[in-house]
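A.B. asks: Just passing along the structure, written as structure tokens.
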Amino acid sequence: MQNETTASTLSGYPMLAILPLTVLTGVAGTLILGGVAIKILSLIVALLALVCLAGFYMVAPNEGRVLQLFGQYVGTDRALGLRWANPFYSKQRVSLRIRNFESGQLKVNDSAGNPIEIAAVVVWRVVDTAEAVFEVDDYEDYVAIQSEAAIRNMATSYPYDDHEGESITLRGSANEIGDILKAEVQDRLGKAGVEVLEARISHLAYAPEIASAMLQRQQASAIVAARGKIVEGAVSMVEAALAQLTERQIIDLDAQSKASMVSNLLVILCSDRAAQPVVNSGTAPG
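Counting from 1 along the sequence shown, just add 12 to a position and that's the residue number in our numbering.
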């Protein structure tokens, strides 16, 4: 595995003054000085200085230049501004800026076998330019393909929803799922010199063919949960009413009357419609 090293390069500003001056001196020597040998030497110096002009390059902020000499890795230059190196070096630009990859909507089956649509955003950057250039063919395509593979694998490992609320789910455990996805993507991209800063699900839904059925299921679960809360509250209210009637000795109720009262109160409190009172004009229980 090829790891990044710092290349030995020079600031381009002194060379920007030296090389043109050398070219002019060589040309002037060729034209002015006498002697064939001196003219040839001056011409060679001028030509070499012209060749050295090809060694200039720029390094922008959050950017690196991977230098190679005839296919051999020389090092990476991250120093900012105008730089100069061996003119025979190839100088490949590699961005070190933070970038986003947003996957398309992928159709997969969750761990329960339900078809879902899922998409995610991966925030990443290059931290080792040598690995990014030499370990994979195209590190940007590698990030895209491996991120989508990690999203698919993660989506098939967890259910879309857990109606019992006891396990990690794609819908209900956003932070945990994000951390799991980040770790899996990082494990895949580490060999390409890439650091994953964040990974989050950006789209999650049931596939269209089952969306309607799953919506009905969610609505039914919500209704059952709401009814449970209503019944729990109604029982507490009836219990409190009976306790206060007994404590204050407002009325003496036998077991049958208590049962009738409990039944009527529960019907009133648990009904989803307004109750219609019926006045009993008979004799109150004795």
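For each residue, glycine too, the CB sits at the ideal point set by N, CA and C.
How would you call E196, buried or exposed, if buried means at least 16 neighbouring beta carbons within 10 angstroms?
C.D. replies: Classification for E196: buried.
A.B. asks: Are Y218 and P73 touching if we call contact CB-CB under 9 Å?
C.D. replies: No; because the gap between Cβ atoms is not below 9 Å, this pair is not in contact.
A.B. asks: Over what stretch of residues does the beta strand (DSSP E) that includes D199 continue unbroken?
C.D. replies: Counting along the chain, D199 falls outside any beta strand (DSSP E), though it belongs to the alpha helix (DSSP H) covering 186 to 201.
A.B. asks: Look at the alpha carbon of T21 and the alpha carbon of G76, and state the distance between them as a whole number of angstroms.
C.D. replies: The alpha-carbon atoms of T21 and G76 are separated by roughly 13 Å.
A.B. asks: In the DSSP assignment, the alpha helix (DSSP H) including T34 goes from what residue to what residue?
C.D. replies: Run containing T34: 24 to 44, per the alpha helix (DSSP H) assignment.
A.B. asks: Could you compute how far the alpha carbon of L62 sits from the alpha carbon of L209?
C.D. replies: Near 45 Å, if we compare the C-alpha coordinates of L209 and L62.
A.B. asks: Can you tell me where the alpha helix (DSSP H) with N165 in it begins and where it stops?
C.D. replies: 151 to 167 is the span of the alpha helix (DSSP H), which, as asked, contains N165.
A.B. asks: How should R200 be labelled, buried or exposed, when 16 other C-beta atoms within 10 angstroms of its C-beta is the threshold for buried?
C.D. replies: By the neighbour-count rule (16 or more Cβ atoms within 10 Å), R200 is buried.
A.B. asks: Nearest to W136 by alpha carbon, out of Y170, L193, D122, A40?
C.D. replies: Among Y170, L193, D122, A40, the Cα nearest to that of W136 is on L193.
A.B. asks: In the DSSP output, which residue or residues are listed as bridge partners for T21?
C.D. replies: T21 pairs with nothing; no bridge assigned.
A.B. asks: Can you find a heavy atom of the ligand SAM that lies under 8 Å from the Cβ of W96?
C.D. replies: By its list of ligands, the structure shown contains no ligand whatsoever, and the ligand SAM lies outside what it can speak to.
A.B. asks: Going by the DSSP bridge assignment, what does G76 pair with across the sheet?
C.D. replies: Beta-bridge pairing links G76 to V106.
A.B. asks: Whose C-alpha, out of P32, A267, T34, is nearest the C-alpha of L254?
C.D. replies: Of the candidates P32, A267, T34, the one whose C-alpha sits nearest the C-alpha of L254 is A267.
A.B. asks: Taking the alpha carbon of Q117 as the reference point, which residue from Y154, A167, A271, A58 has its own alpha carbon closest?
C.D. replies: Comparing Cα-Cα distances from Q117 to each of Y154, A167, A271, A58, the minimum goes to A167.
A.B. asks: Does the pairing of the segment 52 to 69 with the segment 92 to 112 give three or more beta-carbon distances under 8 Å?
C.D. replies: Flag = yes, the segment 52 to 69 and the segment 92 to 112 touch.
A.B. asks: Taking the C-alpha atoms as reference points, what is the distance between V35 and L59?
C.D. replies: Approximately 7 Å between the Cα atoms of the pair.
A.B. asks: On the DSSP letters alone, give me the boundaries of the beta strand (DSSP E) that A66 sits inside.
C.D. replies: From DSSP, A66 is part of no beta strand (DSSP E); its letter is neither H nor E.
A.B. asks: So, with DSSP's three-state summary, where would you put T88?
C.D. replies: Residue state, collapsed to three classes: strand.
A.B. asks: First and last residue of the beta strand (DSSP E) that includes A211?
C.D. replies: Run containing A211: 206 to 218, per the beta strand (DSSP E) assignment.
A.B. asks: Among the candidates Q14, S275, E221, L182, whose CA atom is the shortest distance from the CA of D122?
C.D. replies: Ranking the options by Cα distance to D122, first place goes to L182.
A.B. asks: Assuming contact is defined by CB atoms lying nearer than 9 Å, are E164 and G190 in contact in what I supplied?
C.D. replies: Reading off the sequence shown, one finds Arg at residue 164, where the question assumed Glu. Contact: no.
A.B. asks: Can you list, in chain order, the residues of its chain with a C-beta nearer than 6 Å to that of L28? Leave out the 5 residues immediately preceding and following it.
C.D. replies: Closer than 6 Å at the Cβ level, and outside the excluded window around L28, lies no residue.
A.B. asks: For the alpha helix (DSSP H) that V145 lies in, which residues bound it at each end?
C.D. replies: Run containing V145: 141 to 146, per the alpha helix (DSSP H) assignment.
A.B. asks: Taking L182 as part of the beta strand (DSSP E), name the residues at either end of that continuous run.
C.D. replies: Note, L182: premise wrong, no beta strand (DSSP E); not H, not E.
A.B. asks: Check the C-beta distance from D89 over to V106 and give it rounded, since I have them as a contact under 8 Å.
C.D. replies: Going by Cβ atoms, the distance from D89 to V106 rounds to 11 Å, so no, they are not a contact pair.
A.B. asks: Okay, do the segment 141 to 153 and the segment 236 to 245 touch, 3+ Cβ pairs below 8 Å being the bar?
C.D. replies: Short answer: they don't touch.
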